[in-house]
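S.K.:
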Amino acid sequence: MRRFASPLLSLAAVLSLSLIAVAPTSASTGTIPTVKGGFNQVPTISFPPTAAPTTLTVKVLHQGTGAIVRKKDCLVADYVGQLWRGKVFDTSFTRQLSGFPIGVGQVIPGWDDALVGKRVGSQILLVVPPKYGYGSKGNSTAGIKGTDTLVFVIDIEGTYSATVTADAHATPVISTVSGISVTGSLTSVPKISIPTGTKEVAKASITLLARGHGALVKPGLVVLQTLVTNWTGAIQASTWALGTPDSELVGQTAAPSLLDSIVGKPIGSRWVALVPKNGTSGPYIVVVDVVAQPHGLASQPS
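Here my numbering is used: the first residue of the sequence shown is 233, the next is one more, and so on.
(1) Output needed for Q328: all residues of its chain with C-beta closer than 7 Å, excluding positions within five of it in sequence on either side, in chain order.
(2) Counting Cβ pairs, one atom from each stretch, are 3 or more of them under 8 Å apart for the region 314–323 and the region 292–305?
(3) Residues in its own chain within less than 6 Å of I438 by CB, not counting five upstream and five downstream?
(4) May I have the straight-line CA-CA distance separating S501 from P280, to the nearest angstrom?
(5) Using a threshold of 8 Å, state whether the C-beta atoms of K319 and G365 are closer than that.
(6) Considering only their Cβ atoms, is the gap separating V360 from T381 smaller than 8 Å?
(7) So what's S260 in DSSP terms, helix, strand or just coil?
(8) On a CA-only basis, which of T326, T323 and Q355 is nearest V267? Give me that one, please.
(9) Leaving out five residues on either side along the sequence, give the residues of the same chain with a beta carbon under 6 Å from the beta carbon of K369.
(10) Should N371 go down as buried or exposed, given a rule of 16 or more other Cβ atoms within 10 Å for buried?
(11) Are the region 403–410 and the region 294–308 touching, with three or more C-beta to C-beta distances below 8 Å?
(12) Should S479 and C306 be called a contact, given that it needs their Cβ atoms to be closer than 8 Å?
(13) Do the CB positions of I264 and L347 come within less than 8 Å of each other?
(14) Please report how far the alpha carbon of T289 lies from the alpha carbon of D345, in whole angstroms.
(15) Could you compute how far the alpha carbon of S410 sits from the alpha carbon of L441?
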């Protein structure tokens, strides 16, 4: 998955390759796999003795009642991907939730076509022929050949549009850090002011600007609105402008980051990170609004 580059955010690839989108077909009995395991359960896929369908095939295994997934949303899901009568090549169920822009060519077209319009809480079975997945080149990293048909079971855990914001009633903590001020409503794009002559920082830091009133962030996936500028105030990246919130993993021992500081602090909070120059990159000012934290199977109590 390709998303904007940010000095703070460690962006993980989930499903990448943009191909021509096609309309999905409905499932036909006896020609598609069966699935054992309901929503928020690790699914087991069993295959029929027939050949794989040659069209993108979609079946709703469990109908959710939550928000409708819209084009450009940040979709959060648990999923398992398996080759037709072959190996499981990827799964998030025992790892962490995945988040990605949907309907905009940032995931394989089978996902874009099938998941837009579905509801949160739904479990979806997809049978994805090569031309609706990774094409004739396949994906060697995942062990997928250009002739492989892919099968996914996807639990839609959340969907977040451009309108999702931090806590409008968050308690102000501080507005100026190292001479740089951040102002503006918690429900709109923040304003960053950098007085002339403000010295660049030599050390990275992240500071709480306003404390929200939501649940405390736990290690795992969080949904964010972010604004990144350079030291002149020129915007380098913005989820507000992109129209799609970001999703990032925090509190991961194997991949520490400045964002780990938001663990244990309330959802709905606003932060500012100051990132020093690193080679030809930076320095940057990053405003981070923590807008949500969905929870999948890996986050459930055992």
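For glycine and all other residues, C-beta sits at the position ideal for the given N, C-alpha and C.
M.R.: Taking the geometry as given:
(1) Position 96 of the sequence shown holds residue 328. A distance below 7 Å between beta-carbons, with the five flanking residues on each side excluded, links Q328 to the following residues of its chain, in chain order: G452, L453, L481 and A530.
(2) no
(3) Mapped onto the sequence shown, residue 438 falls at position 206. L490, S493, W503 and A505.
(4) What you label residue 501 is simply residue 269 of the sequence shown in a count that begins at 1. What you label residue 280 is simply residue 48 of the sequence shown in a count that begins at 1. The alpha-carbon atoms of S501 and P280 are separated by roughly 49 Å.
(5) In the sequence shown, the residue the question calls residue 319 occupies position 87. In the sequence shown, the residue the question calls residue 365 occupies position 133. No. Outside cutoff.
(6) For the purposes of this step, residue 381 is identified with residue 149 of the sequence shown, where counting begins at 1. For the purposes of this step, residue 360 is identified with residue 128 of the sequence shown, where counting begins at 1. Yes, the pair counts as a contact, with Cβ atoms nearer than the cut-off.
(7) The residue given as residue 260 occupies position 28 in the sequence shown. Low per-residue confidence applies at S260: pLDDT is 46, beneath 50, and the placement is therefore not dependable enough to give any value.
(8) To locate residue 267, count along the sequence shown from 1; it is residue 35. Looking at the Cα atoms, Q355 is the closest of the given residues.
(9) To locate residue 369, count along the sequence shown from 1; it is residue 137. Here the set comprises G378.
(10) Start at 1 with the first residue of the sequence shown, and residue 371 comes out as number 139. Looking at its Cβ environment, which holds 16 or more other Cβ atoms inside 10 Å, N371 is buried.
(11) no
(12) Start at 1 with the first residue of the sequence shown, and residue 479 comes out as number 247. Start at 1 with the first residue of the sequence shown, and residue 306 comes out as number 74. Cβ distance < 8 Å, so S479 and C306 count as in contact.
(13) By 1-based counting over the sequence shown, the position of residue 264 is 32. By 1-based counting over the sequence shown, the position of residue 347 is 115. The Cβ atoms of I264 and L347 lie no closer than 8 Å to each other.
(14) Walking along the sequence shown from the start, residue 289 turns up at place 57. Walking along the sequence shown from the start, residue 345 turns up at place 113. T289 and D345: Cα-Cα distance of roughly 10 Å.
(15) Numbered from 1 along the sequence shown, position 178 holds the residue referred to as residue 410. Numbered from 1 along the sequence shown, position 209 holds the residue referred to as residue 441. Looking at the two C-alpha atoms, the distance is approximately 13 Å.
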